[in-house]
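Asker:
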Amino acid sequence: MKKEEIIALIEETITVRENAYAKYSNFKVGAIVIDEDGNKHRGVNVENGSFGLTNCAERSAIFSGITNGMKEIKVICIVADTTGPVSPCGACRQVIKEFSNKETLIVLGNLKKDYKLTTIEELLPYGFVL
Ligand code: THU
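Counting from 1, position 116 in the sequence shown corresponds to residue 115 in numbering that gives the first Met the number 0; the numbering is continuous, with no gaps.
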């Protein structure tokens, strides 16, 4: 992906993030997944008064993608209001792994549009696969 495309994707993800339901933590996260056909799937974190039921943005986007026929993640972009690029939680790394391959591009960003490009191998070395 060209730098301009990455910045445009981060900007789109920042807009999606506005829909986050982060009533308890006030920490809004947005995610966009691009699948093998180029279709985009969006997700935000959805919190709950019963805290353990909270769903992260990455998993919301991936589950929406799978619901809509996605097979593989080509690109996933995640943004939050963090000092540097956001660092996805361990559970989301495992879920990203399930639908990733070596070419999957992971874009970690923030509201200032600082970003880091990475891979699932880097984020979850020796991750579980069945
Ligand atoms: N959160 C995400 O959406 N993704 C992550 O990778 C880390 C955490 C959400 C869950 C919760 O709503 C809030 O951020 C604070 O943990």
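Glycine included, each C-beta is placed from N, C-alpha and C at the ideal position.
Fair warning: this is a prediction, and the values are worked out from it, not measured in the lab.
Could you spell out where the alpha helix (DSSP H) holding V94 opens and where it closes?
Answerer: 89-97
Asker: Let me make sure I understand the geometry here. Which of C55, A21, E97 has the alpha-carbon closest to that of V128?
Answerer: E97
Asker: Is the beta carbon of V106 sitting closer than 8 Å to the one on I13?
Answerer: no
Asker: If you follow the beta strand (DSSP E) that V106 is part of, which residue opens it and which one closes it?
Answerer: 104-109
Asker: Within a Cβ cutoff of 7 Å, which residues of the same chain sit near C88, ignoring the five residues on either side of it in sequence?
Answerer: Closer than 7 Å at Cβ, skipping near neighbours: C55.
Asker: Could you name the residues, in chain order, whose CB is less than 6 Å away from a heavy atom belonging to ligand 1?
Answerer: Shown in chain order are the residues whose CB sits closer than 6 Å to a heavy atom of ligand 1: A21, S24, F26, V28, N44, E46, T53, C55, A56, E57, P87, C88, C91.
Asker: Which residue from K111, L104, G37, E4 puts its Cα closest to that of E120?
Answerer: L104
Asker: State the beta-bridge partners of K39 as determined by DSSP.
Answerer: I33
Asker: Which residues mark the beginning and the end of the alpha helix (DSSP H) in which K27 is found?
Answerer: For K27, no alpha helix (DSSP H) run applies, since DSSP gives it neither H nor E.
Asker: As an exercise, report each continuous alpha helix (DSSP H) stretch of at least 4 residues that is fully enclosed by the stretch 54-85, in chain order.
Answerer: Counting only runs of 4 or more residues that sit fully inside the stretch 54-85, the alpha helix (DSSP H) segments are 56-66, in chain order.
Asker: Residues in the same chain with beta-carbon distance under 6 Å from Y23, minus the five sequence neighbours each way, listed in chain order, please.
Answerer: The residues E46, in chain order, have a CB closer than 6 Å to that of Y23 in the same chain once the five nearest residues on each side in sequence are set aside.
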